[in-house]
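For what it's worth, our numbering labels the leading residue of the sequence shown as 16, then goes sequentially. Even for Gly, the Cβ is constructed at its ideal location relative to N, Cα and C. Model, not experiment: these values are computed from the prediction. Below is one structure; the comments refer to it alone.
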Amino acid sequence: MISMEQRPTSRENEHAASPAANHGATGRPAPVRFDATEEESQRIQALAGSTSGSVRLARLLLRQPRLMLHAARIALQGASAGLRADHTLSWLVHVETVRQVIPDGGMGATWGGLETFMGLVEKHVPKTAHALELGCGGGRVTRHIRPLVGTLVANDISDRILAEARAATVDLSAIEFRLTHGLGDDLRSEEFDAVIGHELLMQFDFDELLRYCSNVFRALKPGGLFIASVYTFDESGEMARHMEMIRNHGAGVRSPFRVHRMPRRTYQDIFEACGFEVVEVERSRPEEYKAQKTPHTNFVLRRPL
Ligand SMILES: C[S@@+](CC[C@H](N)C(=O)[O-])C[C@H]1O[C@@H](n2cnc3c(N)ncnc32)[C@H](O)[C@@H]1O
16 MISMEQRPTS RENEHAASPA ANHGATGRPA PVRFDATEEE SQRIQALAGS TSGSVRLARL
76 LLRQPRLMLH AARIALQGAS AGLRADHTLS WLVHVETVRQ VIPDGGMGAT WGGLETFMGL
136 VEKHVPKTAH ALELGCGGGR VTRHIRPLVG TLVANDISDR ILAEARAATV DLSAIEFRLT
196 HGLGDDLRSE EFDAVIGHEL LMQFDFDELL RYCSNVFRAL KPGGLFIASV YTFDESGEMA
256 RHMEMIRNHG AGVRSPFRVH RMPRRTYQDI FEACGFEVVE VERSRPEEYK AQKTPHTNFV
316 LRRPL
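So, in structure tokens, the structure goes:
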């Protein structure tokens, strides 16, 4: 490592940008250095955050054409992972798959796992509530929520998915379907007595959850309730099962499921950081599910008065 005293001047730095030309007194190339100055670190961060990343990538590929094949392979992999990671496409493909086997089946026909969750909705949400269902998907849970509340708004990020939900609920009293996007920034402030989201929060990572749940908090009237299901690691063997799923299906956007899962305590910390108080937490039971599956953890949260 080069000591502070030996640090090259900025002119020498420019020279060092081309390692091949940076020959020492011995005639051998000087080793690259690994101790950037504070000022250099800041310049690197500013450049990394700038929008010219693709220009730099193009320059790199022109200088090192042997990287072209690698870049092409990664671009193809990224495009395919991106398509699979798109919620709308992946859920609509799920609906197609279900219909292939069950011609009149909707999104989640095989999922099950609603009894504990709906039991909490019935127990806590007043029958007169003006409620919002977040991420209603094909209307599977919407059908159960509708008779339990006064008025219901149901949202999702895709109008194609909302059309599925509309068709699945034609026989019920009116439901207002709203198209949404992003992390809840478009929710109106203090509109709802209750917000209900089954099997939605697992789509968000830590930072996204903080933003999403703050927006849900804002959308609730003071005293309003947020009932949400998540996946947690609480019991022995659950982390190992999750690791096996990652081994079999890939992680993050490479996984067809894109399931985020955290210890229950972490979820609680996130909810409390957003201002919620925890009213009740109950885990679903394994026998509620059609397939073998780690049961949801269901949170009942309140925006304090
Ligand atoms: C796993 S499905 C669950 C559907 C339904 N709640 C159920 O349990 O049957 C998740 C749904 O959330 C929707 N979704 C994803 N991101 C969303 C977001 N940011 N806001 C609202 N809905 C979202 C998806 O389009 C999908 O329909």
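Heavy atom of ligand 1 within 7 Å of residue i beta-carbon
{"i": "Asn230", "result": "no"}
{"i": "Val136", "result": "no"}
{"i": "His102", "result": "yes"}
{"i": "Met122", "result": "yes"}
{"i": "Val156", "result": "yes"}
{"i": "Glu311", "result": "Glu is not the amino acid found at residue 311; the sequence shown has His there. Flag unset: Cβ of His311 not near ligand 1."}
{"i": "Thr195", "result": "yes"}
{"i": "Gly152", "result": "yes"}
{"i": "Ile176", "result": "yes"}
{"i": "Ser188", "result": "no"}
{"i": "Ser299", "result": "no"}
{"i": "Ile172", "result": "yes"}
{"i": "His275", "result": "no"}
{"i": "His6", "result": "The question about residue 6 has no answer here: the residues shown for the chain are numbered 16 through 320."}
{"i": "Leu198", "result": "yes"}
{"i": "Leu149", "result": "yes"}
{"i": "Gln218", "result": "yes"}
Chain-order list of residues whose beta-carbon lies under 8 Å from that of residue i (same chain, five-residue window excluded)
{"i": "Arg158", "result": "Ala183, Thr184, Leu187"}
{"i": "Leu198", "result": "Phe219, Glu223, Arg226, Tyr227, Asn230"}
{"i": "Glu303", "result": "Gly127, Gly128, Leu129, Glu130, Thr131, Pro310"}
{"i": "Pro301", "result": "Gln307, Lys308, Pro310"}
Chain-order list of residues whose beta-carbon lies under 7 Å from that of residue i (same chain, five-residue window excluded)
{"i": "Val110", "result": "Gly121, Met122, Gly153, Glu179"}
{"i": "Leu320", "result": "Pro237, Gly238"}
{"i": "Ser229", "result": "Cys289"}
{"i": "Thr309", "result": "Tyr246, Glu253, Arg256"}
{"i": "Ile172", "result": "His102, Thr103, Thr195, His196"}
{"i": "Arg269", "result": "Low confidence applies to Arg269: its pLDDT is 49, below 50, so where it sits in the model is not reliable enough to give any reading."}
{"i": "Ala306", "result": "Thr125"}
Residue burial classification, residue i (beta-carbon count within 10 angstroms, cutoff 16)
{"i": "Asn263", "result": "exposed"}
{"i": "Leu177", "result": "buried"}
{"i": "Val47", "result": "exposed"}
{"i": "Ala234", "result": "buried"}
{"i": "His196", "result": "exposed"}
{"i": "Leu316", "result": "buried"}
{"i": "Ile89", "result": "exposed"}
{"i": "Glu53", "result": "exposed"}
{"i": "Asp208", "result": "buried"}
{"i": "Ala61", "result": "exposed"}
{"i": "Glu27", "result": "Unreliable positioning characterises Glu27 in this predicted model, as indicated by a pLDDT of 39, which lies under 50. The coordinate reading is nonetheless provided below. Result: exposed."}
{"i": "Arg318", "result": "buried"}
{"i": "Ser244", "result": "buried"}
{"i": "Phe291", "result": "buried"}
{"i": "Arg155", "result": "buried"}
Coarse secondary structure for residue i, derived from DSSP in three states
{"i": "Phe232", "result": "helix"}
{"i": "Phe286", "result": "helix"}
{"i": "Glu259", "result": "helix"}
{"i": "His139", "result": "helix"}
{"i": "Ser105", "result": "helix"}
{"i": "Phe49", "result": "coil"}
{"i": "Arg114", "result": "helix"}
{"i": "Phe132", "result": "helix"}
{"i": "Leu163", "result": "helix"}
{"i": "Pro44", "result": "strand"}
{"i": "Val70", "result": "helix"}
{"i": "Ser56", "result": "helix"}
{"i": "Met122", "result": "coil"}
{"i": "Tyr246", "result": "coil"}
{"i": "Ala63", "result": "helix"}
{"i": "Ala178", "result": "helix"}
Residues near residue i in its chain [Cβ-Cβ closer than 6 Å; skip 5 each side]
{"i": "Glu191", "result": "Val168"}
{"i": "Glu148", "result": "Thr157, Ile160, Ala169, Ile211"}
{"i": "Leu215", "result": "Leu149, Gly150"}
Closer than 7 Å: residue i CB and nearest ligand 2 heavy atom
{"i": "Glu303", "result": "No copy of ligand 2 appears in this structure; the ligands present are ligand 1."}
Original post:
With contact counted as at least three CB pairs below 8 Å, one residue from each stretch, are the region 253-261 and the region 222-230 in contact?
Top reply: No contact exists between the region 253-261 and the region 222-230.
Original post:
Three or more beta-carbon pairs under 8 Å between the region 93-102 and the region 277-286, yes or no?
Top reply: Segments in contact, no.
**OP:** Check whether the region 132-147 touches the region 74-88, taking contact to mean three or more Cβ pairs, one atom from each stretch, closer than 8 Å.
**Re:** Output reads no: the region 74-88 does not touch the region 132-147.
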